[in-house]
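**Q**
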Amino acid sequence: MSNLAEAYKMLDTFASVGATRFDVTFLDIDGAKRGFRKAQTVTQLRNSLPKLLPGLGQRQNNLIVRPHSDTVTLVQLDDLDADALASLLNIALLTLRTSPGNHQVWVAVSGAPDKDFARRLRKGTSADPSASGSTRLAGTVNYKRKYEPDFPTVSIVSAAPGRIVTPEQLECLGLVCPPEPEPAARAAPLRVSSSTSGNWPDYQRCVQGAPLNHGKTGPDISRADYFFCLLAAQRGKTIEEIAARLMEESAKARENGEAYARLTAENATAAARKPQVRAR
1 MSNLAEAYKM
11 LDTFASVGAT
21 RFDVTFLDID
31 GAKRGFRKAQ
41 TVTQLRNSLP
51 KLLPGLGQRQ
61 NNLIVRPHSD
71 TVTLVQLDDL
81 DADALASLLN
91 IALLTLRTSP
101 GNHQVWVAVS
111 GAPDKDFARR
121 LRKGTSADPS
131 ASGSTRLAGT
141 VNYKRKYEPD
151 FPTVSIVSAA
161 PGRIVTPEQL
171 ECLGLVCPPE
181 PEPAARAAPL
191 RVSSSTSGNW
201 PDYQRCVQGA
211 PLNHGKTGPD
221 ISRADYFFCL
231 LAAQRGKTIE
241 EIAARLMEES
251 AKARENGEAY
261 ARLTAENATA
271 AARKPQVRAR
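First residue of the sequence shown: 1, per the numbering used here; consecutive thereafter.
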């Protein structure tokens with residue numbers, strides 16, 4: 001059952017650190033997009049939610065929001081275990097429970113750290129490296145086939161309105177991995193055999209070969225998606241082609257949206273093009 005007060009609390013917490021607009025995506029139980037509203041203000045969302053929430057239950061649709069701020073960088077740390085959650089207690093803006101045993105934390109970082117800082121923060125906290133920056137709205141039901149008939153409701157574990165941290169604070173706490181050293185030589189263009197350039201990897205084999213997720217309930221789909229994109233990049237596919245194909249193959253990509261697919265494709269392509277160091 002939806003909880004309007006929880007939804008308002010989540011929106012207000014984001015607004016307290018400068019979030020002024022939200023992209024809203026509606027997905028059905030199978031992860032297919034059913035609607036999209038761009039750059040909704042907090043007021044627009046608050047006014048529309050009383051009418052939207054009852055319809056979500058009738059259609060078994062998910063409401064996904066992507067917050068945007070011009071004053072802070074909002075970093076999503078997803079798929080966290082209990083130890084990771086404990087280490088983030090004093091710096092988290094918002095902590096959500098999206099399903100039993102699955103948590104995510106949002107951190108508001110001052111200034112304008114680059115994408116690499118967010119990546120290093122996710123790596124340092126053992127969070128999902130391909131988090132898209134979109135999340136289910138608190139107070140709404142998480143409709144996925146694997147949960148039926150007892151669908152969980154997304155809930156707020158903790159909220160600290162107005163909490164903004166600096167990159168230096170996060171680094172001092174040991175939560176940020178150091179930058180990777182620049183390669184000594186520029187990577188050579190990726191060479192692809194003509195015998196494989198027209199082929200796509202088998203997505204299901206990537207899923208079958210993926211490690212278990214944190215909850216040990218099944219394969220880690222984020223890792224499977226990344227490996228699929230890596231293989232595709234090695235076969236000469238462009239980032240645009242890989243992201244589009246991932247949206248077709250992966251239910252998680254359809255659930256998290258095009259930003260997730262694009263980021264996963266970009267990271268995998270960068271890794272595929274990185275020069276390999278040969279042992280001597």
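We put the CB at the ideal spot given by N, CA and C, even for glycine. Since the model is a prediction, treat every value here as computed from it, not as a measurement.
1. Can you tell me which residues form a DSSP beta bridge with G57?
2. Can you list, in chain order, the residues of its chain with a C-beta nearer than 8 Å to that of P20? Leave out the 5 residues immediately preceding and following it.
3. Is Q40 near the ligand ADP, with its Cβ less than 7 Å from a heavy atom?
4. Short of 6 Å in beta carbon distance, which residues of its chain neighbour R59, apart from the five on each side in sequence? Order them along the chain.
5. Roughly how many angstroms separate the alpha carbons of D225 and K115, rounded to a whole number?
6. Any idea what DSSP makes of T95, helix, strand or coil?
7. Ends of the alpha helix (DSSP H) at I29?
8. I want to know whether the stretch 101-114 touches the stretch 46-65 - three or more CB-CB distances under 8 Å.
9. Helix, strand or coil, according to DSSP, for R235 in the structure here?
10. Would you tell me roughly how many angstroms separate the C-alpha atoms of K38 and S132, rounded to the nearest one?
11. Please report the distance separating the alpha-carbon of L88 from that of F22.
12. Helix, strand or coil for R186? Go by DSSP, reduced to three states.
13. Classify I164 as helix, strand or coil using the three-state DSSP reduction.
14. Determine which residues share a DSSP beta bridge with A39 and list them.
15. Can you say whether D83 is buried or exposed, counting buried as having 16 or more other CB atoms within 10 angstroms of its CB?
16. Can you say whether L212 is buried or exposed, counting buried as having 16 or more other CB atoms within 10 angstroms of its CB?
17. Excluding the 5 residues preceding and the 5 following R46 in the sequence, name in chain order all residues of the same chain whose CB lies nearer than 7 Å to its CB.
18. Nearest-angstrom Cα distance between D30 and R145?
19. How long is the line joining the alpha carbons of P149 and A244, rounded to whole angstroms?
20. Based on Cα-Cα distance, which residue from P54, I242, E180, E258 lies nearest to N3?
21. Which residue from I221, V141, N90 puts its Cα closest to that of S158?
22. Would you call the CB atoms of L94 and L175 closer than 8 Å?
23. Note down, in chain order, each residue of its chain lying with its Cβ closer than 8 Å to the Cβ of S195, except the 5 sequence neighbours on either side.
24. Checking 8 Å against the spacing of the C-beta atoms, do S130 and S222 come in under that value?
25. Does DSSP put L77 in a helix, a strand or coil?
26. With H, G and I counted as helix, E and B as strand and the rest as coil, what does DSSP make of T153?
27. For A244, does the three-state DSSP call read helix, strand or coil?
28. Where do the ends of the alpha helix (DSSP H) carrying V207 lie?
29. Taking 8 Å as the cut-off, decide whether the C-beta atoms of L96 and I156 are in contact.
**A** Let me spell this out:
1. Its beta-bridge partners do not exist; DSSP assigns none.
2. Here residue 20 is Thr; the residue named in the question, Pro, does not match the sequence. T41, V42, H68, S69, D70, listed in sequence order.
3. No copy of the ligand ADP occurs in the structure displayed, which carries no ligand at all.
4. Result list for R59: empty, nothing under 6 Å.
5. The alpha-carbon atoms of D225 and K115 are separated by roughly 20 Å.
6. T95 carries a strand assignment under DSSP once its states are collapsed to helix, strand and coil.
7. Counting along the chain, I29 sits inside no alpha helix (DSSP H), nor does DSSP assign it H or E at all.
8. When C-beta atoms of the stretch 101-114 are compared with those of the stretch 46-65, fewer than three pairs fall below 8 Å, so the two segments do not count as touching.
9. Taken through DSSP and simplified to helix, strand or coil, R235 comes out as coil.
10. About 16 Å.
11. Their backbone Cα atoms lie some 24 Å apart in a straight line.
12. Residue confidence for R186 is low, a pLDDT of 46 falling below 50, so the modelled location carries little weight and cannot support an answer.
13. Note: I164 maps to coil in three-state DSSP.
14. DSSP lists no partner for A39.
15. Result: exposed.
16. Looking at its Cβ environment, which holds fewer than 16 other Cβ atoms inside 10 Å, L212 is exposed.
17. Cβ-Cβ distances below 7 Å link R46 to Y8, L11 in the same chain, with the five nearest sequence neighbours on each side left out; the list follows chain order.
18. Going by the C-alpha atoms only, they are around 7 Å apart.
19. So the alpha carbons of these two residues sit roughly 31 Å apart.
20. Closest option to N3, Cα to Cα, is P54.
21. Out of I221, V141, N90, the CA that lies nearest to the CA of S158 is found in N90.
22. At the C-beta level, L94 and L175 stay beyond 8 Å of one another.
23. Residue placement at S195 is flagged as unreliable, the pLDDT there being 38, under the threshold of 50; the coordinate-derived value follows with that caveat. Nothing listed; no residue qualifies.
24. Result yes, Cβ atoms of S130 and S222 sit closer than 8 Å.
25. Reduced to three states, the DSSP call for L77 is strand.
26. Here T153 sits in strand by DSSP.
27. Helix at A244.
28. Counting along the chain, the alpha helix (DSSP H) containing V207 begins and ends at 203-208.
29. Going by C-beta atoms, L96 is nearer than 8 Å to I156.
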